[in-house]
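In mature numbering (1 follows the signal peptide of the UniProt record, and there is no 0), the protein residues as written are -17 to -1, 1 to 85.
Note sheet for the following structure.
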Amino acid sequence: MMITALALLFSSSTAMAAAAADVAEPNPKEMKQSEIRAFNAKLAKDHPYYIRCVREPETGTLVARKMSCRTNGQWAVSAESGNREARDIMDEMRSKAASQSN
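What follows is the structure, given as structure tokens:
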């Protein structure tokens, strides 16, 4: 019984992975929320093409929010880029502080 359940679970996850491999990369900025939900229904949450949307406050207002939708892959690239830039700035600041302390 346990082996059958594991085999069924494995086969369904394999089928889902095979179906997800055939998915073309979407452009979330041109999609409606209903299209995003339908697209995400076919993918696992950790798939690189799974679309995540975040509400960000708009500058200058307390009420308005701006939706930013990107794929997991695009969010990862953005985070890596931001972290790299922050590291570069900190390294520059440290080297300038060390050279000016004399």
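Just so it is clear, CB atoms sit at the ideal spot from N, CA and C, and this is done for glycine as well.
A quick note: this is a predicted structure, and the numbers were derived from the prediction, not measured.
Shown here, Val60 sits in a helix according to DSSP, grouped into three states. The closest CA to that of Val6, considering only Val60, Ala24, Ala59, is found on Ala24.
Three or more Cβ pairs closer than 8 Å define a contact, and the segment 38 to 46 falls short of that threshold against the segment 58 to 71. In this structure the segment 33 to 41 lies against the segment 49 to 58, because at least three pairs of beta carbons, one per stretch, are closer than 8 Å. Pairing Glu41 with Ser51 gives a Cβ-Cβ distance that is not under 7 Å.
In the three-state reduction of the DSSP assignment, Lys49 falls in the strand class, which pools E and B. DSSP places Glu8 in the coil class of the three-state scheme, outside both helix and strand.
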